[in-house]
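Chemist: Here you go, one structure.
Shown next as structure tokens:
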């Protein structure tokens, strides 16, 4: 069984994978085109993986290194009966720390453009009353899965209040209050911050659009660490300009790589990071802890043991 | 007894002060020069307060709105037997939130200049391995008073490790480990972050200088939320340039207002805020909670009840 991997596993990790019966690991750097039809398992999606899947192949299991799987050719994979496992659960704590960083940046006036402008720097002091404590601030968290839970846990640890939003409003760990997606849109609760951690599906495509921003009872700060296309970028920019949003932090974008001429570059009160919040220390170890048991199970039974995605649901 | 105040107390708060026998409150906006010799108590230091003290006066009690009192004419006040109370204790939680914000900014790569540069934005993604989790990072906190304790408490709440530094290395609340100032200089412990919360005294003037930065066993990120003159700015800039420091965040400066031509504007890996971290929501309420009992006690006994400063020690 041939495993193609774009993940930088250590030599010891490769050895452990190859200690499974009949398993042979090919690092992406060692790949040659003639091997394409011989690949059984793909560890981490890449342009090369896409190319292999598009041609004659025998791929039967793909392990992603991301929590979301929206960027895979889901319909084709479903038709070809390829099993897909996501990496959900490993990014939560990292994303939560970034979300807290964004929140403190706004609350503590850390990254305000005046702070980088010698001529206006001390003017910020005059406006120091804009600073506030984050204790008891209300945060609406869209998505109550691994990432949403990790965000809620960290924020509550230091005294913020969280409300989770999911499809039906069902209870979820790390949340004392949850509401349904439809309710959140029809009767949005007062929130100081709104954090999106939802996967990208048909239901979440452009969920955060002009009507959503217009209905907020007070201007929140909007943080997107989920997927870019959940947000209507044009509407977001308008909401920042007309004051329906007090600010925004985006780690993901409708178009990635973000174009150099994107109008986002001119939007006010906007922090941007280049899809980096999910970065995990020693990510190879975290991925190995998911991939190894899955590969073991796949070799023995043809099934996966953890994190199997539903290709029809898209997560 | 005439009270001059620059603090924006509410009408209700002024009434409560004036319910004390013989107390009359004069808001700074209502001050007239002829009143100068009649002022007994000054609430919040200001250029006007300095002018009153410099002339014939009968001032006997000054309440500051800051934790530090280094900017007062301490020797003169001591000689004139003026009682001084500081506002220590009210800024700790706010400063702690700002410190956590700076730490997350660096750890989560939030404010990196690449994130504001359309041409290089997505390059940050290539370098995403520079992001790290703050859990278990080691933070050396200079000063184990109110502010140092608040910083330690907040950081430990989310999993960072703290070591307190004070004059003798005596134990302090919110710290599991403390070391002496001299030890920290002679045998500096490994630290990912160093936070200064020390008051400005003769002993702390330029404490953070070239020798201090040169002796660090690994390049830390240095955060100053104490007083500007505790740092040798020229040495700090050199340490940022030569890599002895991995980064720095400064809220206070040797010269305030920070000059527009300060070489700090050209220093790498430096975050600056305009002496704003101590900003407290509803600061008037917090100050009133210190000033009112002090004024009450002063009226009754001629003594203060809380936060009295030692003018010889300077804090």
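Chains as they are written, first to last, in this note's numbering: chain A, 5 to 319; chain B, 5 to 319.
From the three backbone atoms N, C-alpha and C, an ideal C-beta is built for every residue, glycine too.
1) When you compare the CB of residue 105 (chain B) with every CB in chain A, is at least one pair closer than 7 Å?
2) Could you check if residue 22 (chain B) is buried or exposed, using at least 16 other CB atoms within 10 Å of its CB as the buried criterion?
3) Might you give, ordered along the chain, the residues of its own chain that have their beta carbon closer than 8 Å to the beta carbon of residue 218 (chain B), omitting 5 neighbours on each side?
4) What residues of chain B sit near residue 126 (chain A), judged by a beta carbon separation below 7 Å?
5) Over what stretch of residues does the beta strand (DSSP E) that includes residue 44 (chain B) continue unbroken?
6) Please list, in chain order, all residues of the same chain as residue 82 (chain A) whose beta carbon is under 6 Å from its beta carbon, the five residues on each side excluded.
7) What are the complete beta strand (DSSP E) segments, minimum 3 residues, inside the region 84–156 of chain A?
8) Going by DSSP in three states, residue 15 (chain A) sits in which element: helix, strand or coil?
9) Buried or exposed: where does residue 178 (chain B) fall if 16 or more other Cβ atoms within 10 Å of its Cβ makes it buried?
10) Based on Cα-Cα distance, which residue from B:195, B:19, B:186, B:308 lies nearest to residue 250 (chain B)?
11) Given a cut-off of 7 Å on the beta-carbon distance, is the pair residue 71 (chain B) and residue 155 (chain B) in contact?
12) Within the same chain, show all residues whose beta-carbon is closer than 8 Å to that of residue 214 (chain A), passing over the 5 residues directly before and after it, in chain order.
13) Okay, do the region 54–62 of chain B and the region 296–304 of chain B touch, 3+ Cβ pairs below 8 Å being the bar?
14) What are the residues of the region 273–299 of chain B that lie near chain A, defined by any Cβ-Cβ distance shorter than 8 Å?
15) So the candidates are B:201, B:53, B:261; which of them puts its Cα closest to the Cα of residue 32 (chain B)?
16) When DSSP labels each residue in this structure, what does residue 257 (chain B) get in the three-state scheme?
17) Please identify the residue among B:308, B:255, B:293 whose C-alpha is closest to the C-alpha of residue 277 (chain B).
18) I want to verify the contact list: residues of chain B whose CB lies under 7 Å from the CB of residue 113 (chain A), in sequence order.
19) Go ahead and pull the three-state DSSP assignment for residue 287 (chain B).
20) Since residue 29 (chain A) sits in a beta bridge, which residues does DSSP pair it with?
21) If you draw a straight line from the alpha carbon of residue 269 (chain B) to that of residue 203 (chain B), how long is it in whole angstroms?
22) For residue 294 (chain B), list the residues DSSP reports as bridge partners.
23) Span of the alpha helix (DSSP H) holding residue 185 (chain A)?
24) With DSSP as the reference, identify every bridge partner of residue 170 (chain B), one or two as the case may be.
25) Check each candidate in B:310, B:260, B:286 and name the one with the smallest Cα separation from residue 297 (chain B).
26) Residue 66 (chain B) to residue 313 (chain B), Cα distance in whole Å?
27) With a cut-off of 7 Å, does the C-beta of residue 314 (chain B) fall near any C-beta of chain A?
28) Tell me the residue span of the beta strand (DSSP E) that contains residue 274 (chain A).
29) Taking DSSP's pairing of strands, which residues face residue 228 (chain B) in a bridge?
30) In the region 137–168 of chain B, which residues sit with their C-beta less than 8 Å from some C-beta in chain A, listed in chain order?
31) Starting from the beta carbon of residue 269 (chain B), find every residue of chain A whose beta carbon is closer than 7 Å, and list them in chain order.
32) Residues of the region 86–104 of chain A with a CB closer than 7 Å to any CB of chain B: list them in chain order, please.
33) If you measure beta-carbon to beta-carbon, which residues of the region 195–210 of chain B are closer than 8 Å to chain A?
34) Secondary structure at residue 302 (chain A), three-state DSSP: helix, strand or coil?
35) From the beta carbon of residue 119 (chain A), is the nearest beta carbon of chain B less than 7 Å away?
36) Just to check my reading of the structure: residue 272 (chain B) and residue 245 (chain B) have Cβ atoms closer than 8 Å, yes? What is that Cβ distance to the nearest angstrom?
Modeler: This is what the structure holds:
1) Position 101 of the second chain, counted from the first residue, corresponds to residue 105 (chain B). It does: the Cβ of residue 105 (chain B) has a partner Cβ on chain A nearer than 7 Å.
2) Position 18 of the second chain, counting from 1, holds the residue named residue 22 (chain B). When all chains shown are included, residue 22 (chain B) counts as exposed.
3) Position 214 of the second chain, counted from the start, is the residue given in the question as residue 218 (chain B). In its chain, beyond the 5 residues on either side, 243, 248 have a beta carbon closer than 8 Å to the beta carbon of residue 218 (chain B).
4) In the first chain, counting from the first residue as 1, residue 126 (chain A) sits at position 122. The answer, in chain order, is 261, 262, 278.
5) As a working mapping, residue 44 (chain B) is identified with position 40 in the second chain. Segment 43–47, the beta strand (DSSP E) holding residue 44 (chain B).
6) As a position in the first chain, residue 82 (chain A) is number 78, starting the count at 1. Beyond the five residues adjoining it in sequence on each side, residue 82 (chain A) comes within less than 6 Å, by CB distance, of 315 in the same chain, given in chain order.
7) Segments of the beta strand (DSSP E) lying fully in the region 84–156 of chain A: 87–89, 142–146.
8) Taking the first residue of the first chain as 1, we reach residue 15 (chain A) at position 11. Of the three classes helix, strand and coil, the one that applies to residue 15 (chain A) here is helix, per DSSP.
9) As a first step, residue 178 (chain B) must be located in the second chain, where it is residue number 174. Taking a 10 Å sphere around the C-beta of residue 178 (chain B), we find 16 or more other C-beta atoms and assign the residue as buried.
10) The count along the second chain starts at 1 and reaches residue 250 (chain B) at position 246. Closest option to residue 250 (chain B), judged by alpha-carbon separation, among B:195, B:19, B:186, B:308: B:195.
11) For the purposes of this step, residue 71 (chain B) is taken as residue 67 along the second chain, with counting starting at 1. For the purposes of this step, residue 155 (chain B) is taken as residue 151 along the second chain, with counting starting at 1. No; because the gap between Cβ atoms is not below 7 Å, this pair is not in contact.
12) Here the question's residue 214 (chain A) lines up with position 210 in the first chain. Around residue 214 (chain A): 236, 239, 242, 243.
13) With a cut-off of 8 Å, the region 296–304 of chain B and the region 54–62 of chain B do not count as touching, because too few Cβ pairs lie within range.
14) Shown in chain order are the members of the region 273–299 of chain B whose Cβ falls below 8 Å from a Cβ of chain A: 275, 276, 277, 278, 279, 280, 281, 283, 284, 285.
15) As a first step, residue 32 (chain B) must be located in the second chain, where it is residue number 28. Ranking B:201, B:53, B:261 by Cα distance to residue 32 (chain B) puts B:53 first.
16) On the second chain, position 253 is the one that residue 257 (chain B) refers to. Note: residue 257 (chain B) maps to coil in three-state DSSP.
17) In the second chain, the residue the question calls residue 277 (chain B) occupies position 273. Nearest C-alpha to residue 277 (chain B): B:255.
18) Taking the first chain and counting its residues from 1, one reaches residue 113 (chain A) at position 109. Simply 277, 280.
19) The residue labelled residue 287 (chain B) in the question sits at position 283 within the second chain. Annotated three-state conformation of residue 287 (chain B) is helix, per DSSP.
20) In the first chain, residue 29 (chain A) corresponds to position 25, counting from 1. Among the bridge pairs identified by DSSP, residue 29 (chain A) is matched with A:7.
21) If you number the second chain from 1, residue 269 (chain B) lands on position 265. If you number the second chain from 1, residue 203 (chain B) lands on position 199. Approximately 25 Å, taken between the alpha carbons.
22) The residue labelled residue 294 (chain B) in the question sits at position 290 within the second chain. DSSP, once it has assigned bridges, lists no residue as partnering residue 294 (chain B).
23) On the first chain, position 181 is the one that residue 185 (chain A) refers to. Run containing residue 185 (chain A): 185–190, per the alpha helix (DSSP H) assignment.
24) For this step, residue 170 (chain B) is matched to residue 166 along the second chain. Per DSSP, B:184.
25) As a first step, residue 297 (chain B) must be located in the second chain, where it is residue number 293. With distances taken between Cα atoms, residue 297 (chain B) lies closest to B:310.
26) Residue 66 (chain B) sits at position 62 when you count from the first residue of the second chain. Residue 313 (chain B) sits at position 309 when you count from the first residue of the second chain. For the pair residue 66 (chain B) and residue 313 (chain B), the Cα-to-Cα distance works out to about 10 Å.
27) Counted from its first residue, the second chain places residue 314 (chain B) at position 310. Cβ-Cβ to chain A under 7 Å: no for residue 314 (chain B).
28) Along the first chain, one-based indexing puts residue 274 (chain A) at 270. Per DSSP, residue 274 (chain A) belongs to the beta strand (DSSP E) from 274–276.
29) To locate residue 228 (chain B), count along the second chain from 1; it is residue 224. DSSP, once it has assigned bridges, lists B:200, B:254 as partnering residue 228 (chain B).
30) The region 137–168 of chain B vs chain A, Cβ under 8 Å: 137, 138, 139, 158, 161, 162.
31) Position 265 of the second chain, counted from the first residue, corresponds to residue 269 (chain B). Neighbours of residue 269 (chain B) in chain A, taken as residues at a C-beta separation under 7 Å, are given in chain order as 122.
32) From the region 86–104 of chain A, only 97, 98, 101, 102, 104 have a Cβ closer than 7 Å to chain B.
33) Against chain A - using a Cβ distance shorter than 8 Å - the region 195–210 of chain B contributes no residues.
34) Here residue 302 (chain A) corresponds to residue number 298 of the first chain, with the count starting at 1. If DSSP states are grouped into helix, strand and coil, residue 302 (chain A) belongs with the helices.
35) The residue labelled residue 119 (chain A) in the question sits at position 115 within the first chain. True, the Cβ-Cβ gap to chain B drops below 7 Å.
36) The residue you call residue 272 (chain B) lines up with position 268 of the second chain. The residue you call residue 245 (chain B) lines up with position 241 of the second chain. Taking a contact as a CB-CB distance under 8 Å, the pair residue 272 (chain B) and residue 245 (chain B) counts as one, their CB atoms being some 7 Å apart.
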